[in-house]
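Asks: First the structure, which I've put down as structure tokens, then a few questions once you've had a look.
Protein chains in written order, with the numbering used here: chain P, 3 to 93; chain S, 5 to 189.
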């Protein structure tokens, strides 16, 4: 089914009779109500992009923290070192 | 008699008897295979990320080694490398025996050195090695068992194979018998 292009997604646009305005060009299957139904969808899409951005940032922060923690442990182990050293035979 | 492994000693705090101060932390355990005793330890500074300390602790300056701390009389027990015996002041770090192969005179591998076992308290006698056998399980061999030690391999008499023990209790008993067989007691 062909989707009607959305011309405006402004919420609360009504005609003089108080009905929701149609902002579609050519009209869809449900005529002027298409824009009303499509508007929340667009907002959901925008919100989902924001949510994905937040998750991406979170993943990035977690990866950086893990890398820093591993580096920290390696540096600490290297600095603390330690072994069992045999002296040279004097005989 | 308290048997401890070198890895249990490494990381222990060095505490003064007189002040109760925590002055350092054990880094390397240095021992003489020839004399069969601990000769000293190198130190780390205290603190989470603090590195190596320049000072060392010769065995003569150790008051006691316990399960939770190495005790010294006071902070003057920690000495500069120049004032310590050569083996302790400038340890041969390339002679770290951990992970060394253990080979018999006959060329058979007994495994790798996993740790050193010491008789602690006021003495620092080295009684044996903890080994990782070729199969992966742990065992113990008594000291003096090695004919030669390097940073790569320990060569031991053929009869050492008979004295491989599964636990520290068995090692304690095996040491005396092993030394008697070698004619050392």
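We put the beta carbon where it would ideally sit given N, CA and C, even for glycine.
Nearest-angstrom Cα distance between residue 60 (chain P) and residue 54 (chain P)?
Replies: Whole-angstrom Cα-Cα distance: 10 Å.
Asks: Do we get a CB-CB distance below 8 Å when we pair residue 76 (chain P) with the residues of chain S?
Replies: No, residue 76 (chain P) does not count as interfacial toward chain S.
Asks: Output the boundary residues of the alpha helix (DSSP H) element that contains residue 174 (chain S).
Replies: Note, residue 174 (chain S): alpha helix (DSSP H), 172–186.
Asks: Compute the Euclidean distance between the alpha carbons of residue 170 (chain S) and residue 132 (chain S), then round it to the nearest angstrom.
Replies: Approximately 12 Å, taken between the alpha carbons.
Asks: Please name the residue, chosen from S:31, S:173, S:121, S:23, that lies closest to residue 78 (chain S) on a Cα-to-Cα basis.
Replies: The shortest C-alpha separation from residue 78 (chain S) is found at S:23.
Asks: For the region 25–50 of chain S, enumerate the residues whose C-beta is nearer than 7 Å to any C-beta of chain P, in chain order.
Replies: Against chain P - using a Cβ distance shorter than 7 Å - the residues of the region 25–50 of chain S are 31, 32, 33, 34, 35, 36, 37, 38, 43, 48.
Asks: Under a Cβ-count criterion, where at least 16 other Cβ atoms within 10 Å of its own Cβ denotes burial, should residue 75 (chain P) be classed as buried or exposed?
Replies: Flag for residue 75 (chain P) reads exposed.
Asks: For residue 222 (chain S), name the three-state secondary structure that DSSP assigns.
Replies: Residue 222 (chain S) falls outside the range modelled here, since chain S spans only 5 to 189, and no answer is possible.
Asks: Do you know offhand how far residue 36 (chain S)'s Cα is from residue 94 (chain S)'s?
Replies: Distance between the alpha carbons of residue 36 (chain S) and residue 94 (chain S) is about 14 Å.
Asks: Can you tell me where the alpha helix (DSSP H) holding residue 92 (chain S) begins and where it ends?
Replies: Residue 92 (chain S) -> alpha helix (DSSP H) spans 90–93.
Asks: For a test of your reading of the model: does the CB of residue 38 (chain S) fall under 7 Å from any non-hydrogen atom of the ligand FMN? Yes or no.
Replies: This structure lacks the ligand FMN; in fact it carries no ligand of any kind.
Asks: Could you pull the DSSP bridge partners for residue 35 (chain S) from this structure?
Replies: Bridge partners of residue 35 (chain S): P:88, S:42.
Asks: Please go through the same chain and pick out, in chain order, the residues whose beta-carbon is closer than 7 Å to the beta-carbon of residue 56 (chain S), but skip the five residues on each side of it.
Replies: Cβ within range, chain order: 31, 48.
Asks: By the 7 Å beta-carbon criterion, what residues does the region 55–88 of chain P contribute toward chain S?
Replies: Taking 7 Å as the Cβ-Cβ cut-off against chain S, the residues of the region 55–88 of chain P that qualify are 78, 81, 82, 83, 84, 85, 86, 87, 88.
Asks: Comparing the C-beta of residue 142 (chain S) with each C-beta of chain P, is any distance below 8 Å?
Replies: By this cut-off, residue 142 (chain S) is not an interface position.
Asks: Could you check which residue in S:6, S:70, S:168, S:73 has the C-alpha nearest to that of residue 142 (chain S)?
Replies: It is S:168 whose Cα lies nearest to the Cα of residue 142 (chain S).
Asks: Return the bridge partner residues of residue 221 (chain S) from the DSSP annotation.
Replies: Any answer about residue 221 (chain S) is impossible in this case: the structure gives chain S only from 5 up to 189.
Asks: Going along the chain, which residues of its own chain have a beta-carbon closer than 8 Å to the beta-carbon of residue 87 (chain S), five neighbours each way excluded?
Replies: Within the same chain, residue 87 (chain S) has close Cβ partners 93.
Asks: For residue 134 (chain S), count neighbouring C-beta atoms within 10 Å of its own C-beta (all shown protein chains included) and say buried if the count is 16 or more, exposed if not.
Replies: So residue 134 (chain S) ends up on the buried side.
Asks: If distances are taken between C-alpha atoms only, which option among S:69, S:152, S:64 comes closest to residue 107 (chain S)?
Replies: It is S:152 whose Cα lies nearest to the Cα of residue 107 (chain S).
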